[in-house]
Amino acid sequence: MRIYINSILIVVLLLVCSNAIEAQRKTENIILITLDGVRIEEMFGGLDLAVIKAATKKGKVEGTALYKTYWAATAEERRAKVMPFFWNVLMKRHGSIAGDRSKGSTVQITNSHRFSYPGYSEILTGQAHDDQIKSNDKLRNPNPTVLEFLRRKLRVGPQKVAAFASWDVIDWIVESKPGTIASNAGYEKYVSPDERIADTNRLQFEARTPWDSVRSDAYTFRFAMSHLRTYKPRVIYIGLGETDDWAHDERYDRVLQTLQLTDNYLKQLWEFLQSSPQYKDRTTILITTDHGRGNTPADWSDHGSDVEGAQYIWLAAIGPDSRLRGEWRDSPTIYQNQIAATASSLLGFDYNEQNPNAGKPITKLY
Ligand SMILES: [Zn+2]
Numbered sequence: 023m024r025i026y027i028n029s030i031l032i033v034v035l036l037l038v039c040s041n042a043i044e045a046q047r048k049t050e051n052i053i054l055i056t057l058d059g060v061r062i063e064e065m066f067g068g069l070d071l072a073v074i075k076a077a078t079k080k081g082k083v084e085g086t087a088l089y090k091t092y093w094a095a096t097a098e099e100r101r102a103k104v105m106p107f108f109w110n111v112l113m114k115r116h117g118s119i120a121g122d123r124s125k126g127s128t129v130q131i132t133n134s135h136r137f138s139y140p141g142y143s144e145i146l147t148g149q150a151h152d153d154q155i156k157s158n159d160k161l162r163n164p165n166p167t168v169l170e171f172l173r174r175k176l177r178v179g180p181q182k183v184a185a186f187a188s189w190d191v192i193d194w195i196v197e198s199k200p201g202t203i204a205s206n207a208g209y210e211k212y213v214s215p216d217e218r219i220a221d222t223n224r225l226q227f228e229a230r231t232p233w234d235s236v237r238s239d240a241y242t243f244r245f246a247m248s249h250l251r252t253y254k255p256r257v258i259y260i261g262l263g264e265t266d267d268w269a270h271d272e273r274y275d276r277v278l279q280t281l282q283l284t285d286n287y288l289k290q291l292w293e294f295l296q297s298s299p300q301y302k303d304r305t306t307i308l309i310t311t312d313h314g315r316g317n318t319p320a321d322w323s324d325h326g327s328d329v330e331g332a333q334y335i336w337l338a339a340i341g342p343d344s345r346l347r348g349e350w351r352d353s354p355t356i357y358q359n360q361i362a363a364t365a366s367s368l369l370g371f372d373y374n375e376q377n378p379n380a381g382k383p384i385t386k387l388y
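My numbering applies: residue 23 is where the sequence shown begins, and numbers increase by one.
#1: With 16 other CB atoms within 10 Å as the buried threshold, where does E330 fall?
#2: Just to confirm before moving on: does the CB-CB distance between T49 and T305 stay below 8 Å?
#3: I want to check one thing, is the minimum distance from the CB of L59 to the heavy atoms of ligand 1 below 7 Å?
#4: Under 7 Å: does the beta carbon of H270 sit that close to some heavy atom of ligand 1?
#5: Say whether the stretch 193 to 210 touches the stretch 160 to 176, bearing in mind that this needs 3 or more beta-carbon pairs closer than 8 Å, one atom from each stretch.
#6: Under the three-state reduction of DSSP, which class applies to G261: helix, strand or coil?
#7: Keeping to the same chain, check which residues put their C-beta closer than 8 Å to that of F107; ignore five residues upstream and five downstream.
#8: Give the range of the alpha helix (DSSP H) segment to which L281 is assigned.
#9: Is F137 near ligand 1, in the sense that its beta carbon is under 7 Å from a heavy atom of that ligand?
#10: Of all the options A97, L308, Y274 and V196, which has the alpha carbon lying nearest to the alpha carbon of S344?
#11: Tell me whether H116 counts as near ligand 1, meaning its Cβ is closer than 7 Å to at least one heavy atom of that ligand.
#12: Identify whether E210 lies in helix, strand or coil by the three-state DSSP scheme.
#13: Got a sec, what are the start and stop residues for the beta strand (DSSP E) A120 sits in?
#14: From which residue to which residue does the beta strand (DSSP E) around F186 run?
#15: Any idea what DSSP makes of L169, helix, strand or coil?
#16: Can you list, in chain order, the residues of its chain with a C-beta nearer than 7 Å to that of I219? Leave out the 5 residues immediately preceding and following it.
#17: Starting from the N-terminal side, write out each stretch of the beta strand (DSSP E) that is 3 residues or longer and does not extend beyond the stretch 203 to 252.
#18: Would you call the stretch 116 to 136 and the stretch 336 to 350 touching, i.e. three or more CB-CB distances under 8 Å?
#19: With hydrogens ignored, establish whether the beta-carbon of D266 is closer than 7 Å to any heavy atom of ligand 1.
#20: Does the Cβ of H325 lie closer than 7 Å to at least one heavy atom of ligand 1?
#21: Does any heavy atom of ligand 2 sit closer than 7 Å to the C-beta of K160?
#22: Measuring CA to CA, which of P215, S198 and D267 is closest to P232?
#23: Among S214, D70 and K125, which has the Cα closest to the Cα of Y253?
#24: Grab me the residues of F171's own chain with a C-beta within less than 6 Å of its C-beta, minus the 5 sequence neighbours each way, in chain order.
#25: What separation, rounded to the nearest whole angstrom, lies between the Cα atoms of K382 and S235?
#26: Given D239, which residues of its chain have a CB within under 6 Å of its CB, disregarding the five upstream and five downstream residues?
#27: What's the C-alpha gap between I192 and A207?
#28: Contact between the stretch 269 to 278 and the stretch 68 to 80 is defined here as three or more beta-carbon pairs at a separation below 8 Å; is this criterion met?
#29: The alpha helix (DSSP H) spanning I389 covers which residue range?
#30: Closest to M105 by CA distance: which of G314, A332, T364 and L283 is it?
#31: Taking the alpha-carbon of Y388 as reference, which of P378, A87 and S366 has the nearest alpha-carbon?
#32: Alpha helix (DSSP H) containing T147: first to last residue?
#33: Thinking C-beta only, is R173 closer than 8 Å to P180?
#34: Flag this pair as touching only if the stretch 321 to 337 and the stretch 125 to 132 have three or more C-beta atom pairs under 8 Å; answer yes or no.
#35: If we call anything under 8 Å between Cβ atoms a contact, is I356 one with I55?
#36: Please go through the stretch 66 to 110 and give each complete beta strand (DSSP E) segment of 3 or more residues, from N-terminal end onward.
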């Protein structure tokens, strides 16, 4: 009998402790943002002089508009010229970023392909499926994603877990069962009661990018913001895409300009979150990329299984549960397949339930 009472006591104590651990977690909402194919070179060092030197055929590199706009002596100054809000506000006061290899921190993908669908699928399912996912074709993701998992665990309607992306294929990646979550990607009308976006809806089809499958990030961002205001989702994924396409087109100027615009989107998003009782101090933002790119002036615009450097990515985390600030230093390597479990864990759910083969949560973060 005594043993029986003791074991009841132990069970009660364990329940109290696990509740206490969950109660300490402040995150109630997750915002996942991806910037397609943004290299660690630009993320941590801003303007890469080697790239514009190789591209400058006539005259001195110092005479170029890019140099005049973005050059500074140190990596810290250069990157803050491209993304001032991210570095001077978010990273100083609210979050941290892993992946600066010069500081002893590496973030790597585990899929071998080093292009977009395998990367997004690894982020969203927590696992590389090299034999199954090996093209960017519009094929339904056969594996359930963390977005589908979280909608089930949170017991909320489809509008409360949403995905907005510039690249149309993302519609096919974010859910294995169509209709599980709200999803809008590529040149697609966003159906919403918000009258403020009626013009934006029309404009996306009139003011087109050079690419058939990728609309301007300006639309994706505005639809996502409208969704945040209208439906107050618990989980939203925002996939910005232009950085990759400008890089493929070797428009280094547009890559940096797009990052600068993205920085302003982050500022607008942050100001909205701070103004909303549901989100303020209860939201973790994870920002990452699907793949890196080549690390020389000859292949910076490219990526793929044989491109050295494209396996290296970065991950930023901003939110109330992490005390880390700025760049990670001298840390063990973390992996793209850990992001799904990390997002789940921040909301108090064990992603292992859906996918035991997924990477484990990044415990250094909280
Ligand atoms: Zn690409």
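Every residue gets a Cβ at the ideal spot worked out from N, C-alpha and C, and that includes glycine. Model, not experiment: these values are computed from the prediction.
Taking the coordinates as given:
#1: exposed
#2: yes
#3: Correcting the residue type first, residue 59 is Gly in the shown sequence and not Leu. Indeed, a heavy atom of ligand 1 lies less than 7 Å from the Cβ.
#4: yes
#5: yes
#6: strand
#7: D285, N286, L288, K289 and W292
#8: Y274 to S297
#9: yes
#10: L308
#11: no
#12: coil
#13: G117 to A120
#14: V183 to A187
#15: helix
#16: Y212, R244, F245 and S248
#17: 204 to 207
#18: yes
#19: yes
#20: yes
#21: Ligands present in the displayed structure are limited to ligand 1, and ligand 2 is not among them.
#22: D267
#23: S214
#24: Q376
#25: 33 Å
#26: S188, L262 and E264
#27: 6 Å
#28: yes
#29: With the chain covering 23 to 388 only, the question about residue 389 has no answer from this structure.
#30: L283
#31: S366
#32: S138 to T147
#33: yes
#34: yes
#35: no
#36: none
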